[in-house]
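Structure first, then comments.
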Amino acid sequence: MEIQKIAEEIANKIGEEKVSTEKFHRMTYSRDWSPRDAKETILPDLVVVPSTTEEVAEVVKIAHKHRIPVVPFAGGTGMGGGVSPVRGGITIDTKGLNKILEIDEKNLTVTTQTGVTVLNLNRELEKHGLWWPHDPESKPSSTVGAAVSCDNDSTFGIKYGKLVDHLLNAVIVTGTGEIVRLGHRKALCTSTGYKLHWLLIGAEGTLGIVTEVTLKVFPKPETRAVEAAVFKSISEAIGALQRLLTAGLSVESAHINCKKRLGFYTHAYREKYGREPEIPDWAEALLFVSFNGDEEVVRFSHQYALRILQESGGLKVKEQEIIDGWWTSKHTLKFEPYKQKWPDSQRTKKFGAADLGIPIGRIEEAYQKFLQIAEKNQIEVLGMCVYNERPNRISPSISFAVFVDDSNPDEVRRFYKYVEEMSKMAVDLGGTMSTYIGDGDRLGGFNRYEHGEALNYMKKIKEVFDPENIMNPGKKFESRWIKPEK
Amino acid sequence: MRIEEYKDDIYTCNRSRCGFCREACPTYQEMGFESYSSRGRMLIARGLLEGVLEPSKELLDCVNLCATCGYCQSRCALRNVEVFEALRADLVEQGFKDEYHERAVEEIKRNGNPYLKPRNERAAWADGIPFSKDADTLLFAGCTYPYIFPDWLKSSAKLLIDGGLELNYLGNEENCCGSLMLTTGFLDDFTENGEKNLHAFREAGVKRIITGCPGCYKILAEDYPKHFENFDIEVEHITQVVARMLDEGKMNPSKPVEAIVTYHDPCHLGRHMRVFEEPRKILESIPGLELREMENNRFDAKCCGAGGGMMAAYPEIAVKIAEKRVKEAEATGAEMLVTICPICEFNFERAIRYSDSPIKLVDLMELLKESL
Chain A
23 MEIQKIAEEI ANKIGEEKVS TEKFHRMTYS RDWSPRDAKE TILPDLVVVP
73 STTEEVAEVV KIAHKHRIPV VPFAGGTGMG GGVSPVRGGI TIDTKGLNKI
123 LEIDEKNLTV TTQTGVTVLN LNRELEKHGL WWPHDPESKP SSTVGAAVSC
173 DNDSTFGIKY GKLVDHLLNA VIVTGTGEIV RLGHRKALCT STGYKLHWLL
223 IGAEGTLGIV TEVTLKVFPK PETRAVEAAV FKSISEAIGA LQRLLTAGLS
273 VESAHINCKK RLGFYTHAYR EKYGREPEIP DWAEALLFVS FNGDEEVVRF
323 SHQYALRILQ ESGGLKVKEQ EIIDGWWTSK HTLKFEPYKQ KWPDSQRTKK
373 FGAADLGIPI GRIEEAYQKF LQIAEKNQIE VLGMCVYNER PNRISPSISF
423 AVFVDDSNPD EVRRFYKYVE EMSKMAVDLG GTMSTYIGDG DRLGGFNRYE
473 HGEALNYMKK IKEVFDPENI MNPGKKFESR WIKPEK
Chain B
-14 MRIEEYKDDI YTCNRSRCGF CREACPTYQE MGFESYSSRG RMLIARGLLE
36 GVLEPSKELL DCVNLCATCG YCQSRCALRN VEVFEALRAD LVEQGFKDEY
86 HERAVEEIKR NGNPYLKPRN ERAAWADGIP FSKDADTLLF AGCTYPYIFP
136 DWLKSSAKLL IDGGLELNYL GNEENCCGSL MLTTGFLDDF TENGEKNLHA
186 FREAGVKRII TGCPGCYKIL AEDYPKHFEN FDIEVEHITQ VVARMLDEGK
236 MNPSKPVEAI VTYHDPCHLG RHMRVFEEPR KILESIPGLE LREMENNRFD
286 AKCCGAGGGM MAAYPEIAVK IAEKRVKEAE ATGAEMLVTI CPICEFNFER
336 AIRYSDSPIK LVDLMELLKE SL
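Listed in order, the protein sequences are those of chains A and B. In terms of this note's numbering, the first sequence opens at residue 23 and continues consecutively. In terms of this note's numbering, the second sequence opens at residue -14 and continues consecutively.
Encoded structure:
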């Protein structure tokens, strides 16, 4: 059926102001933040901006009737090509679903439509003395729905965890246009049935569109202290972090950076302040940590942590500006006006990453392999950062970041070769090939290397939710970039 | 195409995709599609550069639905507003023109102002003001004050002169600064108009310009030096001059004004030109006045929605944007919404009326005058 007729059919259901087939509108839904040829243009056939679950259901029913793809698009900041409309079809901009439905102070939950950005949700929660401590760097732009669907990282993961620790309940529109509620309402745990709502975490819209969620929220702590120390090795920094946790400290955030990433912080300091930071040459790793809570507890935690860090071989970073720079970049995002970090640092090349989960004891080994694999593929290394994403434990979600010249299609191809080899390395070390980006249009099919027979079960699960394979096709089970092992 | 010059900015946005510009963009909030945000327009610019997109009336509307408030730019590191102005200029050159913008531009060319007012009435407000033809400081009145708010202009000119300034004024020979031409893409007209102004300034021996209109101020202080070689005239906004007079004790607000007020930073004065503190200093100098800041102020101030040709071409959307800002002002508990921009004031007046808001719109200089 002609796309214009389908657009009219949808417009009749949800209003014509929410539907467009204009090419210039479609152009603005053509990509996310994933590395791809700077000139690549893959357009959806039409774009809709529904504002209720029922409207989403109407759109999907029509898509199901005509067997055309439905691609959800939220913040558009993903690194895996998850929103790329590789088979055309309907892009649903979920940011029209922007109502916060209930802030329940007594039960410490929030129920919201999923198009609300993480930052805007927290602005509203703050008025009630609450916060949702899911804190991706993309929070001014990325949405609650994307946090669920992409299972991205949070600065505060080591204290509050990932979406699996927050998601209590969800409403989705399945691939047939049915509206289904999943989860355990406002209860914090359940032992009945299957935890189908957990399947939505990281599903990237392949099972349906998540339109409403209920999340666990927290009273906002009074104060915070942020600290940093350098170490002679990555292993030593990991050991120091383990000591903090074993000692019983409640660590709010903990990031371990390699020497190359440390170099970016010292470089920025040198550039901005015109002096050399007192970081010794032997420093191979940089650990940032923060503590939050009541002032007295934070003060004690901070002092006690400093003692442990020093006993564990760490040297406190003296330059407060370096610590503040990290905190700005990871949490406050209060960049100097007109000097925002993301565009400023990607003027010639963009960031790309392999996002791997590596067992704690093999991180040093993985780091060495990272340098070799990047060199082999002639990809410029940006550095490694170990984020920690599950409560009260070292729980590495590692960014092995590189620069990609997206004006050079060959370099983009080499980047995906790099991702392929890094992913295999992670699985071979007993880890996982993705911890915060997701499969997107890069790992599908190739991920059988990790999942084996389980991938067939995943396909069967998808068929239950989306029998016609219209929900974000070309993702999770197929890839444009990395082909499955023969 | 003029956007060729901004290729690096366009592709940098294309590869960053951070979207930090999007959520607070006033037109994106109204329209809902990515295309109305800064990063959306950057992708549209890329589409035009690569020939993926063709210009059209619909595309022109999308590009024109931007108040050039610069919020996006302050959250970025690129020349966003310049890119959009270049994009508009390309569309105009290719024959895609908004009819309201075109009519206003023709009026400026004919009568020196966009308001369909005769040129010979421009200086009617200035009767009895002791201007001096020999002074090298020029009062640039702009178009909106003389025709729409002449009393403001008269008392403000007196205030400056009473503060010890010798001022020249070009009278009916004064011409629009060309802000509308530049921001809506009529670049050739802007250049021609600007050259005319430059000639007049030179003929009059102008070394310094003082203006009360943030739009004129931004164009004269920031854009004239970019577009016209050897433009070396110092340009100041009236709030900068008055704040200095307060510092120097040349002005002494002493009559109390018992009121709670909030201040709206006009985009062209605040975010674009970073004049944030002087207006606040003036407010703080008035006894009895309590200033309560809106949630979004200074660099984060929300636009009134009228700039960049929006009021001329899309008045309904412009007023909806203003209504949101009025709500934000109300939330402070202030009785008065104070600002200093005739365009903002024009739009806020409508927004307050349409939304039946209890807040009173007051001009900053009027408030100061009440206290003197």
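Backbone N, C-alpha and C fix where the C-beta goes; we use that ideal spot for every residue, glycine too. From a predicted model like this one, the values you see are computed outputs, not experimental measurements.
query = Taking 8 angstroms as the CB-CB cut-off, is Gln225(B) touching chain A?
reply = One-based indexing of the second sequence puts residue 225(B) at position 240. False, the Cβ-Cβ gap to chain A never drops below 8 angstroms.
query = Whole alpha helix (DSSP H) runs in the stretch 214 to 296 of chain A with 4 or more residues, listed along the chain?
reply = 218 to 221, 256 to 268, 281 to 295
message = Taking only three categories from DSSP, how would you classify Phe284(B)?
response = Here residue 284(B) corresponds to residue number 299 of the second sequence, with the count starting at 1. Here Phe284(B) sits in helix by DSSP.
query = If the cut is a Cβ gap below 9 angstroms, which residues of chain A does Asn49(B) touch?
reply = Translated into the one-based positions of the second sequence, residue 49(B) becomes position 64. None at all; the shortest Cβ gap to chain A is about 13 angstroms.
ask   = With which residues is Ala163(A) paired in a DSSP beta bridge?
value = As a working note, residue 163(A) is residue 141 in the first sequence. The question names Ala, yet the displayed sequence has Ser at residue 163(A). DSSP lists no partner for Ser163(A).
query = Skipping 5 residues on each side, what residues in its chain have a beta carbon closer than 7 angstroms to that of Ala396(A)?
reply = Here residue 396(A) corresponds to residue number 374 of the first sequence, with the count starting at 1. Cβ within range, chain order: Val403, Val424, Tyr440.
query = Distance, Cα to Cα, Ala250(A) vs Gln342(A)?
reply = In the first sequence, residue 250(A) corresponds to position 228, counting from 1. In the first sequence, residue 342(A) corresponds to position 320, counting from 1. So the alpha carbons of these two residues sit roughly 9 angstroms apart.
ask   = Are the CB atoms of Arg26(B) and Asp428(A) nearer to each other than 8 angstroms?
value = Locating residue 26(B) in the second sequence gives position 41, where the first residue counts as 1. Locating residue 428(A) in the first sequence gives position 406, where the first residue counts as 1. For Arg26(B) and Asp428(A), no; Cβs fall outside 8 angstroms.
key: Segment limits, alpha helix (DSSP H) that includes Leu308(A)   = Within the first sequence, residue 308(A) is the residue found at index 286, counting from 1. Segment 307 to 315 is the beta strand (DSSP E) holding Leu308(A); no alpha helix (DSSP H) there.
message = In whole angstroms, give me the CA-to-CA distance for Met295(B) and Phe186(B).
response = By 1-based counting over the second sequence, the position of residue 295(B) is 310. By 1-based counting over the second sequence, the position of residue 186(B) is 201. Each residue's Cα considered, the two are about 29 angstroms apart.
request  = Could you tell me the distance, in whole angstroms, from the CA atom of Arg265(A) to the CA atom of Ile330(A)?
outcome  = Taking the first residue of the first sequence as position 1, residue 265(A) is located at position 243. Taking the first residue of the first sequence as position 1, residue 330(A) is located at position 308. Cα to Cα, Arg265(A) sits roughly 7 angstroms from Ile330(A).
key: Listed by chain order, chain A residues near Phe18(B) by CB distance under 8 angstroms   = Taking the first residue of the second sequence as position 1, residue 18(B) is located at position 33. Chain A residues near Phe18(B): Ser42, His47, Thr50, Val69, Val71, Asp115.
task = Taking Gln26(A) as part of the beta strand (DSSP E), name the residues at either end of that continuous run.
result = Stepping through the first sequence from its first residue, residue 26(A) is reached at position 4. Element bounds for Gln26(A): not the beta strand (DSSP E) but the alpha helix (DSSP H), 25 to 36.
inquiry  = Going residue by residue through the stretch 109 to 184 of chain A, where are the continuous alpha helix (DSSP H) segments of at least 4 residues, counting only ones entirely within it?
reply    = 140 to 148, 166 to 172, 179 to 182
query = Where does Trp153(A) land, buried or exposed, given buried means 16+ other C-beta within 10 angstroms?
reply = Walking along the first sequence from the start, residue 153(A) turns up at place 131. The residue is buried, with at least 16 neighbouring Cβ atoms inside 10 Å.
message = Would Leu123(A) and Glu234(A) qualify as a contact pair, given that the criterion is a beta-carbon distance under 8 angstroms?
response = Counting from one through the first sequence, the residue named residue 123(A) turns up at place 101. Counting from one through the first sequence, the residue named residue 234(A) turns up at place 212. The answer is yes: Cβ separation under 8 angstroms.
Short CB-CB distance (under 8 angstroms) between Gln362(A) and chain B = Start at 1 with the first residue of the first sequence, and residue 362(A) comes out as number 340. Yes, because at least one Cβ of chain B sits closer than 8 angstroms to the Cβ of Gln362(A).
task = State yes or no: is the beta carbon of Trp55(A) nearer than 8 angstroms to at least one beta carbon in chain B?
result = In the first sequence, counting from the first residue as 1, residue 55(A) sits at position 33. Answer yes: the Cβ-Cβ gap between Trp55(A) and chain B drops below 8 angstroms somewhere.
key: Any C-beta of chain B under 8 angstroms from that of Gly137(A)   = On the first sequence, residue 137(A) is found 115 positions in, with the first residue counted as 1. With 8 angstroms as the cut-off, Gly137(A) does not count as an interface residue toward chain B.
request  = Please report the Cβ distance between Leu68(A) and Thr43(A), rounded to the nearest whole angstrom; I am assuming they are in contact, meaning their Cβ atoms lie under 8 angstroms.
outcome  = For the purposes of this step, residue 68(A) is identified with residue 46 of the first sequence, where counting begins at 1. For the purposes of this step, residue 43(A) is identified with residue 21 of the first sequence, where counting begins at 1. Confirmed, about 5 angstroms.
ask   = With 8 angstroms set as the bound, which would you pick, yes or no: does the beta-carbon of Asn478(A) sit closer than that to a beta-carbon of chain B?
value = Taking the first residue of the first sequence as 1, we reach residue 478(A) at position 456. Output row for Asn478(A): interface = no.
task = Find out if the Cβ-Cβ distance for the pair Ile344(B), Glu320(B) is shorter than 8 angstroms.
result = As a first step, residue 344(B) is located in the second sequence; it is residue number 359 there, counting from the start. As a first step, residue 320(B) is located in the second sequence; it is residue number 335 there, counting from the start. The answer is yes: Cβ separation under 8 angstroms.
ask   = How would you label Asp217(B), buried or exposed, when you count the other beta carbons within 10 angstroms and need 16 or more for buried?
value = Counting from one through the second sequence, the residue named residue 217(B) turns up at place 232. Asp217(B) is exposed by the Cβ-count criterion.
Among Leu165(B), Leu357(B), Asn178(B), Ala286(B), the one whose alpha carbon lies nearest that of Tyr100(B) = For the purposes of this step, residue 100(B) is taken as residue 115 along the second sequence, with counting starting at 1. It is Leu165(B).
message = Buried or exposed for Arg464(A), going by 16 or more other Cβ atoms inside 10 Å?
response = Here residue 464(A) is taken as the residue at index 442 of the first sequence, counted from 1. Burial call: buried.
task = Compare the Cα-Cα distances from Arg95(B) to each of Ala120(B), Asp174(B), Cys61(B), Cys51(B) and report the closest residue.
result = Position 110 of the second sequence, counted from the first residue, corresponds to residue 95(B). Nearest of Ala120(B), Asp174(B), Cys61(B), Cys51(B) to Arg95(B), Cα basis: Asp174(B).
query = Would you call Lys361(A) buried or exposed, if buried means 16 or more other Cβ atoms sit within 10 Å of its Cβ?
reply = In the first sequence, residue 361(A) corresponds to position 339, counting from 1. So Lys361(A) counts as exposed.
inquiry  = Is the beta carbon of Glu258(A) closer than 8 angstroms to that of Gly379(A)?
reply    = By 1-based counting over the first sequence, the position of residue 379(A) is 357. By 1-based counting over the first sequence, the position of residue 258(A) is 236. The answer is no: Cβ separation not under 8 angstroms.
task = Going by DSSP, name the residue or residues bridged to Tyr248(B).
result = Stepping through the second sequence from its first residue, residue 248(B) is reached at position 263. Bridge partners of Tyr248(B): Val323(B).
ask   = So Val426(A) and Gly460(A) are in contact, right, with Cβ under 8 angstroms, and what is the actual spacing, rounded?
value = By one-based count along the first sequence, residue 426(A) stands at place 404. By one-based count along the first sequence, residue 460(A) stands at place 438. Not really, about 18 angstroms apart at Cβ, beyond 8 angstroms.
request  = Can you give me, in chain order, the residues of the stretch 435 to 467 of chain A that have a beta carbon less than 8 angstroms from any beta carbon in chain B?
outcome  = none
message = Does the CB of Gly227(A) have a neighbour CB from chain B at under 8 angstroms?
response = The sequence position of residue 227(A) within the first sequence is 205, counting from 1. Not one chain B Cβ lies under 8 angstroms of Gly227(A).
Three-way DSSP call (helix, strand, coil) for Met493(A) in this model = What you label residue 493(A) is simply residue 471 of the first sequence in a count that begins at 1. In the structure shown, Met493(A) sits in a strand (DSSP, three-state: E or B).
task = Taking Leu45(B) as part of the alpha helix (DSSP H), name the residues at either end of that continuous run.
result = In the second sequence, the residue the question calls residue 45(B) occupies position 60. Where Leu45(B) is concerned, the enclosing alpha helix (DSSP H) stretches over 42 to 49.
request  = Please check if any C-beta of chain B sits within less than 8 angstroms of the C-beta of Ile432(A).
outcome  = Here residue 432(A) is taken as the residue at index 410 of the first sequence, counted from 1. Here residue 432(A) turns out to be Asp, not Ile, going by the sequence shown. Cβ-Cβ to chain B under 8 angstroms: no for Asp432(A).
query = Closest to Gly197(A) by CA distance: which of Leu204(A), Arg384(A), Leu229(A), Lys352(A) is it?
reply = The residue labelled residue 197(A) in the question sits at position 175 within the first sequence. For Gly197(A), the nearest C-alpha among the options comes from Leu229(A).
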